[in-house]
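Numbering (my numbering), first residue to last: 55 to 486. Where is the CB? At the ideal position from N, CA and C, for every residue including glycine. Here the structure is a predicted model, which means the values were calculated and not measured. A quick write-up on the structure given underneath.
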(Lines of atoms letter the chains of each structure in order from A and count residues from 1; the text may use other names and numbers.)
(Lines give C-alpha, C1' and ligand atoms only; values in the text may rest on other atoms or scores of the structure.)
Protein backbone atom coordinates (compact mmCIF):
# COMPACT_ATOMS: atom_id res chain seq x y z
CA UNK A 1 0.00 0.00 0.00
CA UNK A 2 1.39 3.39 -1.01
CA UNK A 3 0.99 5.82 1.88
CA UNK A 4 2.16 8.85 -0.05
CA UNK A 5 4.34 9.95 -2.96
CA UNK A 6 6.17 13.15 -3.73
CA UNK A 7 7.24 14.19 -7.23
CA UNK A 8 10.69 15.77 -7.57
CA UNK A 9 12.22 17.47 -10.56
CA UNK A 10 14.53 14.57 -11.42
CA UNK A 11 15.57 10.98 -10.77
CA UNK A 12 15.89 9.94 -7.14
CA UNK A 13 19.03 7.84 -6.65
CA UNK A 14 19.85 9.20 -3.22
CA UNK A 15 19.27 6.77 -0.35
CA UNK A 16 16.86 8.49 2.08
CA UNK A 17 17.84 9.09 5.70
CA UNK A 18 15.07 8.99 8.31
CA UNK A 19 15.36 10.60 11.74
CA UNK A 20 12.66 11.60 14.24
CA UNK A 21 9.81 11.31 11.77
CA UNK A 22 11.51 13.25 8.96
CA UNK A 23 12.81 11.86 5.63
CA UNK A 24 15.88 13.56 4.13
CA UNK A 25 16.64 12.86 0.45
CA UNK A 26 18.34 14.33 -2.61
CA UNK A 27 17.28 14.35 -6.25
CA UNK A 28 18.66 14.91 -9.74
CA UNK A 29 17.12 18.38 -9.71
CA UNK A 30 19.85 19.47 -7.29
CA UNK A 31 17.46 19.88 -4.37
CA UNK A 32 17.67 18.30 -0.91
CA UNK A 33 14.27 17.82 0.70
CA UNK A 34 13.06 17.18 4.24
CA UNK A 35 9.63 15.50 4.22
CA UNK A 36 7.37 14.35 7.03
CA UNK A 37 7.40 10.57 7.26
CA UNK A 38 3.72 10.58 8.17
CA UNK A 39 2.33 12.19 5.03
CA UNK A 40 5.21 13.35 2.79
CA UNK A 41 4.52 17.03 3.37
CA UNK A 42 7.54 19.29 3.02
CA UNK A 43 9.39 20.52 6.10
CA UNK A 44 11.98 22.38 4.05
CA UNK A 45 13.98 22.18 0.82
CA UNK A 46 17.49 23.34 -0.01
CA UNK A 47 18.73 24.18 -3.50
CA UNK A 48 22.37 23.24 -4.01
CA UNK A 49 24.70 25.20 -6.24
CA UNK A 50 24.20 22.40 -8.76
CA UNK A 51 20.54 23.35 -9.11
CA UNK A 52 21.69 26.53 -10.88
CA UNK A 53 24.20 24.83 -13.19
CA UNK A 54 23.65 23.75 -16.79
CA UNK A 55 25.18 20.29 -17.02
CA UNK A 56 25.15 20.44 -20.82
CA UNK A 57 27.59 23.34 -20.68
CA UNK A 58 30.04 21.17 -18.77
CA UNK A 59 29.48 18.01 -20.76
CA UNK A 60 28.68 15.98 -17.64
CA UNK A 61 26.25 16.01 -14.72
CA UNK A 62 26.89 18.84 -12.26
CA UNK A 63 23.43 18.87 -10.73
CA UNK A 64 22.39 15.57 -9.18
CA UNK A 65 22.44 14.87 -5.46
CA UNK A 66 23.25 11.15 -5.65
CA UNK A 67 24.60 10.34 -2.20
CA UNK A 68 22.38 9.76 0.77
CA UNK A 69 22.30 12.39 3.53
CA UNK A 70 23.76 11.68 6.96
CA UNK A 71 21.95 13.10 9.99
CA UNK A 72 24.16 13.93 12.99
CA UNK A 73 22.85 16.02 15.88
CA UNK A 74 21.39 19.24 14.52
CA UNK A 75 22.99 18.80 11.08
CA UNK A 76 22.35 17.09 7.78
CA UNK A 77 25.49 16.30 5.75
CA UNK A 78 25.10 15.66 2.03
CA UNK A 79 27.33 15.74 -1.05
CA UNK A 80 26.48 16.74 -4.60
CA UNK A 81 27.74 16.40 -8.13
CA UNK A 82 28.39 20.13 -8.01
CA UNK A 83 31.61 19.08 -6.18
CA UNK A 84 30.48 20.32 -2.76
CA UNK A 85 29.85 18.82 0.63
CA UNK A 86 27.04 20.63 2.47
CA UNK A 87 26.15 20.91 6.14
CA UNK A 88 22.52 21.99 6.58
CA UNK A 89 20.58 22.95 9.66
CA UNK A 90 18.43 19.93 10.39
CA UNK A 91 15.41 21.96 11.48
CA UNK A 92 15.37 24.61 8.76
CA UNK A 93 17.59 23.45 5.87
CA UNK A 94 19.66 26.61 6.21
CA UNK A 95 23.23 26.05 4.93
CA UNK A 96 25.77 26.10 7.77
CA UNK A 97 28.76 25.56 5.51
CA UNK A 98 29.64 24.24 2.06
CA UNK A 99 33.06 22.84 1.20
CA UNK A 100 34.34 23.22 -2.34
CA UNK A 101 37.87 22.06 -3.20
CA UNK A 102 37.86 24.05 -6.47
CA UNK A 103 37.56 20.90 -8.55
CA UNK A 104 34.69 19.42 -10.52
CA UNK A 105 34.99 16.06 -8.74
CA UNK A 106 31.61 14.70 -7.72
CA UNK A 107 30.80 14.03 -4.09
CA UNK A 108 28.38 11.16 -4.57
CA UNK A 109 29.03 9.02 -1.50
CA UNK A 110 27.09 9.15 1.74
CA UNK A 111 29.44 10.84 4.24
CA UNK A 112 30.56 9.00 7.35
CA UNK A 113 30.74 11.10 10.50
CA UNK A 114 32.88 10.04 13.46
CA UNK A 115 34.43 12.07 16.27
CA UNK A 116 33.54 15.36 14.61
CA UNK A 117 35.05 14.34 11.25
CA UNK A 118 33.06 14.14 8.02
CA UNK A 119 34.79 11.48 5.89
CA UNK A 120 34.05 10.95 2.18
CA UNK A 121 35.65 10.21 -1.19
CA UNK A 122 35.95 12.73 -4.03
CA UNK A 123 35.39 10.54 -7.12
CA UNK A 124 37.68 11.69 -9.96
CA UNK A 125 39.99 13.58 -7.61
CA UNK A 126 41.08 10.12 -6.45
CA UNK A 127 41.25 11.18 -2.83
CA UNK A 128 39.50 10.82 0.50
CA UNK A 129 38.89 13.85 2.71
CA UNK A 130 37.92 14.54 6.30
CA UNK A 131 36.27 17.85 7.16
CA UNK A 132 35.41 19.41 10.49
CA UNK A 133 31.76 18.83 11.34
CA UNK A 134 31.73 22.28 12.97
CA UNK A 135 32.89 24.51 10.12
CA UNK A 136 33.88 22.34 7.15
CA UNK A 137 37.62 22.98 7.54
CA UNK A 138 39.86 20.38 5.89
CA UNK A 139 41.34 18.10 8.57
CA UNK A 140 43.14 15.62 6.34
CA UNK A 141 43.32 14.38 2.78
CA UNK A 142 44.54 10.97 1.57
CA UNK A 143 45.39 9.81 -1.94
CA UNK A 144 43.29 6.84 -3.04
CA UNK A 145 45.10 6.15 -6.31
CA UNK A 146 41.86 5.83 -8.31
CA UNK A 147 38.22 6.94 -8.50
CA UNK A 148 36.32 6.76 -5.22
CA UNK A 149 32.56 6.30 -5.42
CA UNK A 150 32.36 4.18 -2.26
CA UNK A 151 31.06 5.54 1.00
CA UNK A 152 33.31 5.02 4.00
CA UNK A 153 32.57 2.43 6.64
CA UNK A 154 34.21 3.44 9.93
CA UNK A 155 34.90 1.07 12.82
CA UNK A 156 37.56 0.93 15.49
CA UNK A 157 39.15 4.17 14.31
CA UNK A 158 39.61 2.89 10.73
CA UNK A 159 37.79 4.09 7.60
CA UNK A 160 37.30 1.42 4.93
CA UNK A 161 36.61 2.35 1.28
CA UNK A 162 36.89 0.71 -2.13
CA UNK A 163 38.26 2.27 -5.33
CA UNK A 164 37.67 2.04 -9.05
CA UNK A 165 41.28 0.90 -9.30
CA UNK A 166 40.36 -2.33 -7.56
CA UNK A 167 41.61 -1.71 -4.03
CA UNK A 168 40.20 -1.90 -0.54
CA UNK A 169 41.68 0.88 1.59
CA UNK A 170 41.97 1.08 5.36
CA UNK A 171 42.72 4.62 6.55
CA UNK A 172 43.26 5.98 10.04
CA UNK A 173 40.04 7.92 10.61
CA UNK A 174 41.86 10.49 12.76
CA UNK A 175 44.80 11.24 10.45
CA UNK A 176 44.09 9.75 7.02
CA UNK A 177 47.26 7.67 7.21
CA UNK A 178 46.96 4.47 5.22
CA UNK A 179 46.99 1.49 7.57
CA UNK A 180 46.83 -1.04 4.78
CA UNK A 181 45.41 -1.67 1.33
CA UNK A 182 44.40 -4.86 -0.39
CA UNK A 183 44.06 -5.56 -4.10
CA UNK A 184 40.67 -6.85 -5.20
CA UNK A 185 39.93 -8.86 -8.33
CA UNK A 186 38.40 -5.89 -10.12
CA UNK A 187 37.21 -2.29 -9.74
CA UNK A 188 34.84 -1.76 -6.84
CA UNK A 189 32.20 0.91 -6.33
CA UNK A 190 30.51 -0.66 -3.32
CA UNK A 191 30.56 0.47 0.28
CA UNK A 192 32.24 -2.15 2.48
CA UNK A 193 29.94 -3.90 4.93
CA UNK A 194 31.53 -4.86 8.25
CA UNK A 195 30.19 -7.40 10.74
CA UNK A 196 31.92 -9.63 13.29
CA UNK A 197 35.35 -8.59 12.02
CA UNK A 198 34.54 -9.51 8.39
CA UNK A 199 34.53 -6.96 5.54
CA UNK A 200 32.27 -7.76 2.59
CA UNK A 201 32.70 -5.98 -0.77
CA UNK A 202 31.59 -6.54 -4.35
CA UNK A 203 33.65 -6.03 -7.53
CA UNK A 204 33.17 -5.61 -11.27
CA UNK A 205 34.57 -9.12 -11.69
CA UNK A 206 31.21 -10.36 -10.47
CA UNK A 207 32.67 -11.41 -7.15
CA UNK A 208 31.50 -10.89 -3.60
CA UNK A 209 34.51 -11.02 -1.29
CA UNK A 210 34.55 -11.55 2.47
CA UNK A 211 37.82 -10.46 4.07
CA UNK A 212 38.88 -10.76 7.67
CA UNK A 213 39.89 -7.48 9.32
CA UNK A 214 42.41 -8.29 12.04
CA UNK A 215 43.93 -5.86 14.52
CA UNK A 216 47.49 -6.77 13.62
CA UNK A 217 49.46 -8.46 10.87
CA UNK A 218 47.73 -6.72 7.97
CA UNK A 219 49.35 -7.35 4.57
CA UNK A 220 51.78 -4.67 3.40
CA UNK A 221 53.21 -4.16 -0.09
CA UNK A 222 55.86 -1.53 -0.76
CA UNK A 223 58.32 -0.24 -3.33
CA UNK A 224 61.87 0.94 -2.57
CA UNK A 225 63.24 3.94 -4.44
CA UNK A 226 65.90 6.33 -3.19
CA UNK A 227 67.45 8.97 -5.45
CA UNK A 228 70.43 9.40 -3.11
CA UNK A 229 71.67 6.02 -4.40
CA UNK A 230 71.66 7.18 -8.02
CA UNK A 231 75.36 6.60 -8.69
CA UNK A 232 75.29 3.06 -7.35
CA UNK A 233 72.04 2.06 -9.07
CA UNK A 234 71.80 0.76 -12.62
CA UNK A 235 68.01 1.10 -12.69
CA UNK A 236 68.31 4.70 -11.50
CA UNK A 237 70.90 5.55 -14.16
CA UNK A 238 68.50 4.19 -16.76
CA UNK A 239 65.66 6.31 -15.39
CA UNK A 240 63.71 3.20 -14.44
CA UNK A 241 63.41 3.31 -10.67
CA UNK A 242 61.41 6.53 -10.29
CA UNK A 243 58.93 5.62 -13.04
CA UNK A 244 58.39 2.11 -11.70
CA UNK A 245 58.00 3.41 -8.15
CA UNK A 246 55.48 5.99 -9.33
CA UNK A 247 53.39 3.31 -11.06
CA UNK A 248 53.39 1.04 -8.03
CA UNK A 249 52.63 3.88 -5.62
CA UNK A 250 49.61 4.81 -7.76
CA UNK A 251 48.48 1.22 -7.33
CA UNK A 252 48.63 1.59 -3.55
CA UNK A 253 52.13 0.33 -2.74
CA UNK A 254 53.88 2.14 0.09
CA UNK A 255 56.88 4.14 -1.12
CA UNK A 256 60.07 3.65 0.89
CA UNK A 257 63.37 5.50 0.91
CA UNK A 258 66.53 4.01 2.40
CA UNK A 259 65.59 4.66 6.02
CA UNK A 260 62.03 3.59 5.35
CA UNK A 261 63.19 0.30 3.82
CA UNK A 262 65.33 -0.54 6.83
CA UNK A 263 62.48 0.30 9.18
CA UNK A 264 59.92 -1.63 7.11
CA UNK A 265 62.01 -4.81 7.08
CA UNK A 266 62.72 -4.58 10.80
CA UNK A 267 59.04 -4.03 11.65
CA UNK A 268 57.83 -6.89 9.43
CA UNK A 269 60.47 -9.17 10.91
CA UNK A 270 59.02 -8.38 14.34
CA UNK A 271 55.31 -8.60 13.53
CA UNK A 272 55.45 -11.26 10.80
CA UNK A 273 52.80 -9.49 8.72
CA UNK A 274 52.58 -10.76 5.11
CA UNK A 275 54.58 -8.31 3.04
CA UNK A 276 56.58 -7.69 -0.11
CA UNK A 277 59.01 -5.02 -1.29
CA UNK A 278 59.76 -4.31 -4.94
CA UNK A 279 63.34 -3.05 -5.24
CA UNK A 280 62.92 -0.39 -7.93
CA UNK A 281 66.31 1.04 -6.94
CA UNK A 282 68.55 -2.00 -7.42
CA UNK A 283 70.86 -1.33 -4.49
CA UNK A 284 70.79 -3.18 -1.18
CA UNK A 285 71.77 -0.73 1.57
CA UNK A 286 74.86 -2.16 3.32
CA UNK A 287 73.21 -1.91 6.75
CA UNK A 288 70.78 -4.64 5.66
CA UNK A 289 73.67 -7.05 5.02
CA UNK A 290 75.60 -6.54 8.25
CA UNK A 291 77.22 -8.42 9.92
CA UNK A 292 76.87 -10.69 6.88
CA UNK A 293 74.50 -11.34 3.96
CA UNK A 294 73.37 -14.62 5.52
CA UNK A 295 72.68 -13.14 8.98
CA UNK A 296 71.78 -9.47 8.45
CA UNK A 297 68.35 -7.81 8.61
CA UNK A 298 67.58 -8.64 4.97
CA UNK A 299 68.05 -12.37 5.51
CA UNK A 300 66.12 -12.22 8.79
CA UNK A 301 63.22 -10.61 6.95
CA UNK A 302 63.24 -13.33 4.29
CA UNK A 303 63.43 -16.09 6.90
CA UNK A 304 60.50 -14.54 8.78
CA UNK A 305 58.32 -14.80 5.69
CA UNK A 306 58.98 -11.54 3.84
CA UNK A 307 59.26 -11.23 0.08
CA UNK A 308 61.77 -9.21 -1.95
CA UNK A 309 61.00 -8.71 -5.65
CA UNK A 310 64.17 -7.95 -7.62
CA UNK A 311 63.65 -6.64 -11.15
CA UNK A 312 67.20 -5.80 -12.27
CA UNK A 313 70.45 -7.64 -12.91
CA UNK A 314 71.69 -10.12 -10.27
CA UNK A 315 72.05 -8.37 -6.88
CA UNK A 316 75.47 -6.96 -6.02
CA UNK A 317 77.16 -8.31 -9.14
CA UNK A 318 77.90 -4.70 -10.11
CA UNK A 319 79.05 -2.63 -7.11
CA UNK A 320 79.88 1.05 -7.49
CA UNK A 321 83.39 2.07 -6.44
CA UNK A 322 83.20 5.79 -5.54
CA UNK A 323 87.00 6.19 -5.59
CA UNK A 324 87.53 4.57 -8.97
CA UNK A 325 84.24 6.02 -10.23
CA UNK A 326 83.24 2.77 -11.89
CA UNK A 327 81.39 -0.45 -11.25
CA UNK A 328 83.26 -3.52 -10.07
CA UNK A 329 81.79 -6.73 -11.46
CA UNK A 330 81.68 -10.06 -9.60
CA UNK A 331 78.77 -12.42 -10.26
CA UNK A 332 79.68 -14.55 -7.21
CA UNK A 333 78.41 -11.80 -4.89
CA UNK A 334 74.82 -12.46 -5.99
CA UNK A 335 74.92 -15.91 -4.38
CA UNK A 336 75.73 -14.36 -1.00
CA UNK A 337 72.31 -12.71 -1.04
CA UNK A 338 70.10 -15.25 -2.81
CA UNK A 339 71.80 -18.61 -2.11
CA UNK A 340 71.51 -19.21 -5.86
CA UNK A 341 74.47 -19.56 -8.23
CA UNK A 342 74.05 -16.85 -10.85
CA UNK A 343 77.15 -17.88 -12.82
CA UNK A 344 75.04 -19.36 -15.66
CA UNK A 345 73.29 -15.99 -16.03
CA UNK A 346 74.03 -14.13 -19.23
CA UNK A 347 72.70 -10.79 -20.37
CA UNK A 348 72.04 -12.01 -23.93
CA UNK A 349 68.38 -12.00 -24.88
CA UNK A 350 66.25 -15.10 -24.39
CA UNK A 351 62.53 -15.76 -24.77
CA UNK A 352 60.85 -16.17 -21.37
CA UNK A 353 57.54 -17.98 -20.91
CA UNK A 354 55.67 -18.36 -17.61
CA UNK A 355 55.23 -21.74 -15.99
CA UNK A 356 51.85 -22.76 -14.53
CA UNK A 357 53.15 -21.47 -11.19
CA UNK A 358 54.08 -18.19 -12.85
CA UNK A 359 50.59 -17.84 -14.30
CA UNK A 360 49.19 -18.30 -10.80
CA UNK A 361 51.48 -15.46 -9.67
CA UNK A 362 50.12 -13.17 -12.40
CA UNK A 363 52.58 -13.67 -15.27
CA UNK A 364 51.24 -14.03 -18.80
CA UNK A 365 52.28 -14.15 -22.45
CA UNK A 366 55.98 -14.09 -23.23
CA UNK A 367 58.83 -11.58 -23.13
CA UNK A 368 62.51 -11.16 -23.87
CA UNK A 369 65.03 -11.21 -21.04
CA UNK A 370 68.42 -12.48 -19.88
CA UNK A 371 69.31 -16.14 -19.50
CA UNK A 372 68.25 -18.02 -16.39
CA UNK A 373 69.76 -20.18 -13.67
CA UNK A 374 69.66 -23.86 -12.74
CA UNK A 375 65.98 -24.62 -12.00
CA UNK A 376 66.94 -27.15 -9.32
CA UNK A 377 68.63 -24.37 -7.33
CA UNK A 378 65.40 -22.44 -6.73
CA UNK A 379 62.18 -23.19 -4.87
CA UNK A 380 59.63 -22.24 -7.54
CA UNK A 381 60.20 -21.55 -11.23
CA UNK A 382 57.93 -18.74 -12.42
CA UNK A 383 59.24 -18.54 -16.00
CA UNK A 384 61.66 -20.56 -18.14
CA UNK A 385 63.96 -19.48 -20.95
CA UNK A 386 64.55 -21.29 -24.26
CA UNK A 387 67.12 -23.57 -22.65
CA UNK A 388 64.85 -24.66 -19.82
CA UNK A 389 66.57 -22.55 -17.19
CA UNK A 390 64.74 -20.61 -14.50
CA UNK A 391 64.36 -17.11 -15.93
CA UNK A 392 62.06 -15.88 -13.13
CA UNK A 393 61.93 -17.67 -9.84
CA UNK A 394 61.38 -17.77 -6.07
CA UNK A 395 63.98 -18.86 -3.54
CA UNK A 396 62.47 -19.59 -0.13
CA UNK A 397 64.35 -19.16 3.14
CA UNK A 398 62.08 -21.25 5.34
CA UNK A 399 59.08 -18.94 5.53
CA UNK A 400 55.55 -19.73 4.34
CA UNK A 401 54.86 -20.58 0.67
CA UNK A 402 55.44 -17.59 -1.58
CA UNK A 403 57.94 -15.90 0.71
CA UNK A 404 61.62 -15.35 -0.03
CA UNK A 405 63.64 -13.81 -2.85
CA UNK A 406 61.79 -13.31 -6.15
CA UNK A 407 63.84 -12.63 -9.27
CA UNK A 408 61.87 -11.09 -12.14
CA UNK A 409 64.38 -9.27 -14.39
CA UNK A 410 61.99 -7.11 -16.39
CA UNK A 411 63.11 -3.65 -15.26
CA UNK A 412 63.82 -2.48 -18.82
CA UNK A 413 60.43 -3.67 -20.13
CA UNK A 414 57.95 -1.02 -18.99
CA UNK A 415 55.02 -2.89 -20.53
CA UNK A 416 55.71 -5.69 -18.03
CA UNK A 417 55.66 -3.51 -14.92
CA UNK A 418 52.01 -4.41 -14.19
CA UNK A 419 53.28 -7.98 -13.90
CA UNK A 420 55.79 -6.80 -11.29
CA UNK A 421 52.88 -5.44 -9.25
CA UNK A 422 50.92 -8.68 -9.62
CA UNK A 423 53.89 -10.78 -8.53
CA UNK A 424 54.45 -8.55 -5.50
CA UNK A 425 50.79 -8.79 -4.53
CA UNK A 426 50.27 -12.51 -5.26
CA UNK A 427 49.29 -14.42 -2.14
CA UNK A 428 49.49 -11.22 -0.08
CA UNK A 429 46.84 -8.89 -1.47
CA UNK A 430 45.40 -11.35 -4.00
CA UNK A 431 45.03 -15.10 -3.51
CA UNK A 432 47.22 -17.41 -5.62
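Three-way DSSP call (helix, strand, coil) for residue i in this model
{"i": "residue 243", "result": "coil"}
{"i": "residue 408", "result": "strand"}
{"i": "residue 199", "result": "coil"}
{"i": "residue 340", "result": "helix"}
{"i": "residue 281", "result": "helix"}
{"i": "residue 289", "result": "helix"}
{"i": "residue 356", "result": "helix"}
{"i": "residue 381", "result": "strand"}
{"i": "residue 325", "result": "helix"}
{"i": "residue 121", "result": "coil"}
{"i": "residue 214", "result": "strand"}
{"i": "residue 270", "result": "With a pLDDT of only 39 at residue 270, under 50, the local geometry of the prediction cannot be trusted, and no value is derived from it."}
{"i": "residue 256", "result": "strand"}
{"i": "residue 387", "result": "helix"}
{"i": "residue 104", "result": "helix"}
{"i": "residue 480", "result": "strand"}
{"i": "residue 300", "result": "helix"}
{"i": "residue 413", "result": "helix"}
{"i": "residue 392", "result": "helix"}
{"i": "residue 109", "result": "helix"}
Residues bridged to residue i [DSSP beta-bridge criterion]
{"i": "residue 363", "result": "332, 460"}
{"i": "residue 72", "result": "77"}
{"i": "residue 151", "result": "141"}
{"i": "residue 183", "result": "174, 195"}
{"i": "residue 427", "result": "444"}
{"i": "residue 166", "result": "173"}
{"i": "residue 435", "result": "447"}
{"i": "residue 237", "result": "221"}
Residues of its chain near residue i, where Cβ-Cβ distance is below 6 Å and the 5 sequence neighbours each way are ignored
{"i": "residue 311", "result": "280"}
{"i": "residue 487", "result": "A question about residue 487 goes unanswered here, because the residues of the chain that appear run from 55 up to 486."}
{"i": "residue 403", "result": "422"}
{"i": "residue 270", "result": "Since pLDDT at residue 270 reaches only 39, below the 50 mark, its modelled position is unreliable, and the value read off the structure follows with that caveat. The answer is none, since no qualifying residue turns up."}
{"i": "residue 139", "result": "133, 153, 161"}
{"i": "residue 235", "result": "221, 223, 306"}
Residue i and residue j closer than 8 Å at C-beta
{"i": "residue 121", "j": "residue 133", "result": "yes"}
{"i": "residue 150", "j": "residue 129", "result": "yes"}
{"i": "residue 180", "j": "residue 194", "result": "no"}
{"i": "residue 275", "j": "residue 222", "result": "no"}
{"i": "residue 398", "j": "residue 427", "result": "yes"}
{"i": "residue 484", "j": "residue 90", "result": "no"}
{"i": "residue 357", "j": "residue 350", "result": "no"}
{"i": "residue 205", "j": "residue 141", "result": "no"}
{"i": "residue 147", "j": "residue 100", "result": "yes"}
{"i": "residue 68", "j": "residue 79", "result": "yes"}
{"i": "residue 457", "j": "residue 360", "result": "yes"}
{"i": "residue 316", "j": "residue 342", "result": "yes"}
{"i": "residue 407", "j": "residue 450", "result": "no"}
{"i": "residue 362", "j": "residue 405", "result": "no"}
{"i": "residue 478", "j": "residue 289", "result": "no"}
{"i": "residue 76", "j": "residue 88", "result": "yes"}
{"i": "residue 190", "j": "residue 304", "result": "no"}
{"i": "residue 248", "j": "residue 207", "result": "yes"}
Neighbourhood of residue i by C-beta, 7 Å cutoff - its chain only, sequence neighbours within 5 removed
{"i": "residue 73", "result": "125"}
{"i": "residue 383", "result": "371, 372"}
{"i": "residue 355", "result": "319, 322, 323"}
{"i": "residue 135", "result": "104, 115, 116, 117, 118, 120, 160, 162"}
{"i": "residue 144", "result": "125, 128, 129, 130"}
{"i": "residue 435", "result": "409, 411, 429, 444, 447"}
{"i": "residue 197", "result": "180, 181"}
{"i": "residue 233", "result": "212, 224, 225, 226, 272"}
{"i": "residue 192", "result": "183, 185"}
{"i": "residue 400", "result": "424, 425"}
8 Å Cβ shell around residue i - same chain, five flanking residues per side excluded
{"i": "residue 395", "result": "389, 427, 428, 431"}
{"i": "residue 375", "result": "381, 382"}
{"i": "residue 211", "result": "226, 227, 228"}
{"i": "residue 264", "result": "252, 253, 254"}
>> With three or more C-beta pairs closer than 8 Å as the rule, is the stretch 172-182 touching the stretch 207-222?
In response: The answer is yes - the stretch 172-182 touches the stretch 207-222, with three or more Cβ pairs under 8 Å.
> Counting pairs of Cβ atoms below 8 Å between the stretch 361-370 and the stretch 390-397, do you hit three or more?
Replying inline: In this structure the stretch 361-370 touches the stretch 390-397; the number of beta carbon pairs closer than 8 Å is three or more.
> Do the stretch 409-421 and the stretch 455-475 meet, that is, are 3 or more Cβ pairs less than 8 Å apart?
Replying inline: Touching, yes, given that three or more Cβ pairs across the two stretches are closer than 8 Å.
> Okay, do the stretch 287-302 and the stretch 333-342 touch, 3+ Cβ pairs below 8 Å being the bar?
Replying inline: Contact holds: three or more Cβ-Cβ distances are below 8 Å.
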